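Numbering (this note's numbering), first residue to last: 2 to 104.
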């Protein structure tokens, strides 16, 4: 999960740009966010990025097969968590994974 999100952040960000990681916990869950300063996505792309074989940025077709984010979503789901994205074209993307804390 983390390697895919970090790899995507690097792949879609300009060289030498900032990638930020955030972690937040409360008594019931932990949230980890990966924020890039890349090209960002429009709403239509955001709705499709977790679909198998979907690739929102045609300039990166040779670098992937469109299975990374669907696999990430499946792994997170198997751990009873969620993954969300916030993004705007030209302003980067933030992927947030929320996982329950089990006792």
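Don't be surprised by glycine CBs; every beta carbon is placed ideally from N, CA and C. Please read these numbers as outputs of a predicted model, since none were measured by experiment.
**Message:** According to DSSP, is residue 27 part of a helix, a strand, or is it coil?
**Reply:** The residue labelled residue 27 in the question sits at position 26 within the chain shown. Reduced to three states, the DSSP call for residue 27 is coil.
**Prompt:** With a cut-off of 8 Å, do at least 3 Cβ pairs link the stretch 65 to 81 to the stretch 26 to 41?
**Reply:** The stretch 65 to 81 is not in contact with the stretch 26 to 41.
**Asked** For residue 88 versus residue 37, is the C-beta spacing smaller than 7 Å?
**Response** Sequence index remark: in the chain shown, residue 88 carries index 87 (1-based). Sequence index remark: in the chain shown, residue 37 carries index 36 (1-based). Against a cut-off of 7 Å, the Cβ pair of residue 37 and residue 88 comes out as no contact.
**Residues near residue 83 in its chain [Cβ-Cβ closer than 6 Å; skip 5 each side]** = To locate residue 83, count along the chain shown from 1; it is residue 82. 99.
**Item:** Rounded straight-line distance, which links the Cα of residue 30 to that of residue 3
**Value:** By 1-based counting over the chain shown, the position of residue 3 is 2. By 1-based counting over the chain shown, the position of residue 30 is 29. Distance from the CA atom of residue 3 to the CA atom of residue 30, rounded to whole angstroms, is 17 Å.
**Prompt:** Are the beta-carbon atoms belonging to residue 51 and residue 74 less than 7 Å from one another?
**Reply:** Here residue 51 corresponds to residue number 50 of the chain shown, with the count starting at 1. Here residue 74 corresponds to residue number 73 of the chain shown, with the count starting at 1. Yes, they are a contact pair.
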